[in-house]
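Since the structure comes first, as structure tokens, the remarks are kept for the end.
Protein chains: 2
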Amino acid sequence: MDRRSDCPVACSLDVLGDKWSLLIIRDMGYYGKSTFKDFEKSEEGIATNILSNRLKKMMDHGIIHKEQSESNKLVYHYSLTKKGVDLAAPIIGLSRWAVKYIPEVNDIFNIK
Amino acid sequence: MDRRSDCPVACSLDVLGDKWSLLIIRDMGYYGKSTFKDFEKSEEGIATNILSNRLKKMMDHGIIHKEQSESNKLVYHYSLTKKGVDLAAPIIGLSRWAVKYIPEVNDIFNIK
DNA sequence: CGGGATCCGTCTTGATACTG
DNA sequence: CAGTATCAAGACGGATCCCG
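Chains as they are written, first to last, in my numbering: chain A, 90 to 201; chain B, 90 to 201.
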């Protein structure tokens, strides 16, 4: 569903408004993960078809970039584009909020 | 689905990781909307069952609060709790990102 | 009329098996 | 390793109905 709104919040949520996209960004930006298997192994347990779908969607939107490994042609590395790197701010915002208000979370990013 | 992760990003996305929750927060915080009908009339067009579900969910999580109107007993006003108000930061983060990277959006919040 | 609840068809997810 | 295929279950969207 695309809402075709011109609101910046609605537009960003059209791309990122689901349970997985921002987690994949987190994995790439904070944990340094880059391969399909890496993302698949994250503790939250994304299904491979959903992972595949989200990677494709974020590539279409220029948030991430895919390239073949030079050492092993069977492996692909995903990385953040500048557009993807700049999602750090909203992600950190969410993280700060959770640390402040959700008791169970660990402040694993040690954000000031 | 609850992932039972202790990551602050994952935990906040368990509550807010969908296309509508943050838009309702936006409507309350930025547009000053407060009634069911107000939210329903937003340009993105949320269905009433979904709206009802999201309001309930965010009330359960203490993000919003509901009270009966004093002037009209048929009307209920939803408002942000402190926990909800503090979602402004991540929402502004998303908004800034969209303004920077998505050409079609209007910078309706005029965020510096 | 405002605030939902209910029903129903469709689209999306999630779990797992399977393939190049 | 990096996905695709399959299929059941659930979420969503739209319309309608109900209730005070």
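All C-beta atoms in this analysis are idealised placements derived from N, C-alpha and C, irrespective of residue type, glycine included.
Here the structure is a predicted model, which is why all the values come from computation and not from measurement.
How would you label residue i, buried or exposed, when you count the other beta carbons within 10 angstroms and need 16 or more for buried?
{"i": "B/Leu169", "result": "buried"}
{"i": "B/Leu183", "result": "buried"}
{"i": "B/Ile153", "result": "buried"}
{"i": "B/Met90", "result": "With a pLDDT of 49 at B/Met90, under the threshold of 50, the modelled position of that residue is not reliable, and the figure given next carries that caveat. That one is exposed."}
{"i": "B/Pro179", "result": "buried"}
{"i": "B/Lys122", "result": "buried"}
What's the gap between the Cα of residue i and the Cα of residue j?
{"i": "A/Gly106", "j": "A/Leu163", "result": "31 Å"}
{"i": "B/Gly151", "j": "A/Asn161", "result": "49 Å"}
{"i": "A/Ile135", "j": "B/Cys100", "result": "15 Å"}
{"i": "B/Thr137", "j": "A/Glu159", "result": "52 Å"}
{"i": "B/Gly118", "j": "B/Glu129", "result": "16 Å"}
{"i": "A/Lys189", "j": "A/Asp196", "result": "9 Å"}
{"i": "B/Leu140", "j": "A/Asp116", "result": "31 Å"}
{"i": "A/Met147", "j": "A/Ile114", "result": "10 Å"}
{"i": "A/Val174", "j": "B/Ile191", "result": "15 Å"}
{"i": "B/Leu102", "j": "B/Asp149", "result": "15 Å"}
{"i": "A/Phe198", "j": "A/Leu176", "result": "15 Å"}
{"i": "B/Ile181", "j": "B/Asn142", "result": "24 Å"}
{"i": "A/Lys145", "j": "A/Tyr120", "result": "20 Å"}
{"i": "A/Phe125", "j": "B/Ser131", "result": "38 Å"}
{"i": "A/Lys171", "j": "A/Lys155", "result": "14 Å"}
{"i": "B/Val104", "j": "A/Val104", "result": "17 Å"}
Tell me whether the beta-carbon of residue i lies closer than 9 Å to the beta-carbon of residue j.
{"i": "A/Gln157", "j": "A/Tyr165", "result": "yes"}
{"i": "B/Leu112", "j": "B/Glu133", "result": "yes"}
{"i": "A/Trp186", "j": "B/Pro97", "result": "yes"}
{"i": "B/Asp127", "j": "A/Val194", "result": "no"}
List the residues of chain A whose Cβ lies closer than 7 Å to the Cβ of residue i, in chain order.
{"i": "B/Arg143", "result": "Chain A residues near B/Arg143: none, gap ~12 Å exceeds 7 Å."}
Applying a beta-carbon distance threshold of less than 8 Å, which residues of chain B neighbour residue i?
{"i": "A/Ala187", "result": "Pro97, Val98, Cys100, Ser101"}
{"i": "A/Ser184", "result": "Pro97, Val98, Ser101"}
{"i": "A/Leu176", "result": "Trp186"}
{"i": "A/Val194", "result": "Asp95, Cys96, Pro97, Cys100"}
So with CB distances below 9 Å, who are the chain A contacts of residue i?
{"i": "B/Asp107", "result": "Leu102, Gly106, Asp107, Lys108"}
{"i": "B/Ile180", "result": "Val98, Pro179, Gly182"}
Anything in chain B within Cβ reach of residue i, meaning under 7 Å, just list it in chain order.
{"i": "A/Leu111", "result": "Val98, Leu102"}
{"i": "A/Glu132", "result": "Ser94"}
{"i": "A/Lys172", "result": "Tyr190"}
Which chain A residues sit within Cβ distance under 8 Å of residue i?
{"i": "B/Ile197", "result": "Asp95, Cys96, Pro97"}
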